Amino acid sequence: MLQKQALSIDDIRVPVKRAKTLDPEKVETLAMDILENGQTTPIRVRKDGEKFILVEGYHRLEAMRALGEETIEAYTVHARLH
C-alpha cells in the first residue's frame with residue numbers, strides 16, 4: 001500500500017519531456033482549487049538517490065509552487081522493471 005508523505009518541492013525533479021506539457025491555465029485553476037480545498041490528491045514520485053523524480057502530478061506540483069508552498073504530499077512508487 002502506498003504511504004503518503006510530505007516532500008520538499010525543491011527535492012523533486014521534473015523530466016524534460018514532462019516539462020514541455022505544462023498548461024499555465026490548468027496550473028492557475030488547480031492553484032485556486034488548492035487554495036479553497038487544500039491538496040486533495042498526492043503526486044507520485046520515484047526515488048532518485050537523495051531526491052525524487054516526478055512520475056505523476058506535474059500541474060499539481062507547479063500549482064503548489066505557484067502558491068509559494070515548500071512541501072507537497074506525495075506517494076513514492078517504485079520504477080517498473082521491464
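Letter 51 of the sequence shown, counting from 1, is numbered 51 in my numbering, and no numbers are missing.
Glycine included, C-beta positions come from ideal geometry on N, C-alpha and C.
A quick note: this is a predicted structure, and the numbers were derived from the prediction, not measured.
Check: Using only CA atoms, which one of 77, 2, 73 lies nearest to residue 38?; Outcome: 73
Check: Taking the CB atoms as reference points, tell me whether residue 71 and residue 9 lie closer together than 8 Å.; Outcome: yes
Check: Which whole runs of the alpha helix (DSSP H) in the stretch 4-37 are 4 residues long or more, in chain order?; Outcome: 16-19, 24-37
Check: Can you give me the C-alpha to C-alpha distance between residue 2 and residue 55, rounded to a whole angstrom?; Outcome: 14 Å
Check: Would you please state the rounded distance, in angstroms, between the beta carbons of residue 11 and residue 59? I believe it to be under 8 Å.; Outcome: With a Cβ gap of about 19 Å, residue 11 and residue 59 do not count as contacting.
Check: Within 10 Å of its beta-carbon, does residue 64 have 16 or more other beta-carbons around it, so buried, or fewer, so exposed?; Outcome: buried
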